[in-house]
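K.L.:
So that you can map any letter, position 102 of the sequence shown is 102 in full-length UniProt numbering, and since no number is skipped, the others follow by simple counting.
Positions of the beta carbon are idealized from the N, C-alpha and C atoms, including for glycine.
Sharing a structure with you now.
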Amino acid sequence: MLIFSESKAMASSKGKTKRPAGRRKGSGRRRGGVLGNRAVRRAIVGGWAVVVAVAVGFLLMRAMDERMPSIQPIAARDPAPVAPVRPSSPTDAVDSAPRVTARPVERPADIAAVPPPPPVAAEEQAYDSRPAWQRFAMAPPAQLGKKPVIAIVIDDVGVTKRELDSLLALDAGVTFSIMGYADNMADFARKARAGGHELLVHVPMQPEGNADPGPKALTLGLSPAEIRARLRWQLDRHDGFVGINNHMGSRFSADAAGMAVVMAELKARGLLFLDSRTAAGSVGEEKAKEAGLPTASRDVFLDNEIGANAIEAQLVLAERRARDKGTAIAIGHPHEATIEALARFIPQAQARGIVFVPVSTVIARRSGLDLPTAAAAGAAAGTTAGPGKRSELPPRPRG
Ligand SMILES: [Zn+2]
């Protein structure tokens, strides 16, 4: 539609192109000369158009003859406009009727001249084609049924390194959100996934007030291109994650235009979005849904107040939410007090029938999406994953 109206506009503007009015004034004095010049110019232009058309036609014919023996010659008698033939991909050649003719021009020449994308290698097609959030999801425990589930997410992972070992010792149901700008996290990420922990990338976004969200934060006033560039910079530094959640972001996450740019990039990468919900006015979950992403919002912050009793009280709140609604998402931070509280609370809650699951499991449940069970994931890995891109859903060690 856009292309059509653009080409219409081009055609009409071409039709309107006339000599400047100034040239017509006083043309009586040198009419013969002007006419003569015009005739010569027309002849030259016409001649060149014919030459160019014949040359282009000849080159296209030669190029296409190699692949399509029965192609019809491109008509060269109509010198303008020269009809560029849409570059045909190998599949075009295969599925075309025996007599392939030059396609009518529907697109501007510069688009038509873009070379076709390289053919997809057969082994590439054999790779796991599920979106990244499913490929990198940790399977929930088997026989989950309708048991109340809690997803614990630890944010800000990797800003300092001293707590990493104690995080890895936590139950596999704890998800880690690695700070987008954190360095040297590949080893931790590998160990975490090997231990059954799911990963997010924690993307800094502008808060209300003057707190510094950190390098490459998404802030108001950035162009969409710069938002994309900063997000890509963070996503490209890490591997094996199912999606992102926001670090801070009470200001940016309320900006519909900025969040829409974020969601478009996540959608293109097959990732999910967890709204940390640092502000009541966040449009994160709403924009993620609009973009068709699996998404959910945090229910409970565990350690706004850092202390054993306060954190325990928040964990109880999460348990109550899970019993009432079936699922709960709780976010904490790598404080010693939080890690210790989790290490105490998780086995007690498990004894009461609570199941701790990767965050993707809760998001899938809330989004009405299926998540592969451990068994199904194994089967999928065996049949659809290609070399070097395993679906990476190891059985989850529990305990
Ligand atoms: Zn954070």
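1. Is the segment 338 to 351 touching the segment 157 to 172 in the sense that three or more CB pairs, one from each, lie closer than 8 angstroms?
2. Please confirm whether P207 and P215 have their CB atoms less than 8 angstroms apart.
3. Using only the heavy atoms of ligand 1, determine whether one of them is closer than 7 angstroms to the beta carbon of H238.
4. Need the endpoints of the alpha helix (DSSP H) that V316 sits in, please.
5. Return the Cβ separation of L274 and G243 in integer angstroms, given the expectation that the two are a contact with Cβ distance under 8 angstroms.
6. Under the rule that 16 or more other beta-carbon atoms within 10 Å means buried, what is A355, buried or exposed?
7. Within 10 angstroms of its Cβ, does N245 collect 16 or more other Cβ (buried), or is it exposed?
8. Measure the C-alpha to C-alpha separation of K147 and N210 and round it to an integer number of angstroms.
9. At 4 residues or longer, and completely inside the segment 173 to 224: list those alpha helix (DSSP H) runs for me, N to C.
10. Which stretch, first to last residue, makes up the beta strand (DSSP E) that contains F345?
11. Quick one: residues with CB closer than 5 angstroms to any heavy atom of ligand 3, in chain order, please.
12. Would you mind stating whether D303 and A328 have Cβ atoms separated by less than 8 angstroms?
13. So what's M138 in DSSP terms, helix, strand or just coil?
14. Taking DSSP as the reference, what is the three-state secondary structure of D95?
15. Select from E163, T219, V316, A322 the residue whose C-alpha is nearest the C-alpha of D255.
16. Skipping 5 residues on each side, what residues in its chain have a beta carbon closer than 7 angstroms to that of A217?
17. Can you tell which of R269, V157, R162 has its C-alpha closest to the C-alpha of I178?
18. Tell me whether G15 is buried or exposed, calling it buried when 16 or more other Cβ atoms sit within 10 Å of its Cβ.
19. What does the alpha-carbon distance come out to for the pair A343 and A225?
20. According to DSSP, is S367 part of a helix, a strand, or is it coil?
21. Since P294 and L235 should fall inside the 8 angstroms C-beta cutoff, what is the C-beta to C-beta distance between them, to a whole number of angstroms?
22. Using a 10 Å radius around the Cβ and a threshold of 16 neighbouring Cβ atoms, would you call V283 buried or exposed?
23. Cutting at 6 angstroms between CB atoms, please list the residues of its own chain near I152, excluding the five before and the five after it.
24. Reducing DSSP to helix, strand and coil, say where G158 ends up.
25. What is the DSSP secondary structure of L231, reduced to helix, strand or coil?
26. List the residues that DSSP assigns as beta-bridge partners of I354.
27. Give the single residue among V159, A192, A322 whose Cα lies nearest to the Cα of Q350.
28. How is T295 classed by DSSP in three states: helix, strand or coil?
29. In angstroms, rounded to a whole number, what distance separates the CA positions of D165 and K191?
30. Going straight from the alpha carbon of V316 to that of Q348, what length do you get?
31. How would you label K287, buried or exposed, when you count the other beta carbons within 10 angstroms and need 16 or more for buried?
P.N.:
According to the data block:
1. yes
2. no
3. no
4. 308 to 325
5. 6 angstroms
6. According to the sequence as given, residue 355 is Val; it is not Ala. Burial call: buried.
7. buried
8. 42 angstroms
9. 186 to 194
10. No beta strand (DSSP E) contains F345, which is instead part of the alpha helix (DSSP H) from 336 to 351.
11. In the structure shown, ligand 3 is absent; the only ligands present are ligand 1.
12. no
13. coil
14. The predicted model places D95 with a pLDDT of 37, which falls under 50 and marks its position as unreliable, so this point remains unresolved.
15. T219
16. P204, M205, Q206
17. V157
18. The pLDDT assigned to G15 is 40, lower than 50, so where the model puts this residue is not dependable, and the model offers no usable value.
19. 42 angstroms
20. helix
21. Actually they do not touch by this definition, with Cβ atoms about 16 angstroms apart.
22. buried
23. V174, A330
24. coil
25. helix
26. Its beta-bridge partners do not exist; DSSP assigns none.
27. A322
28. strand
29. 10 angstroms
30. 11 angstroms
31. buried
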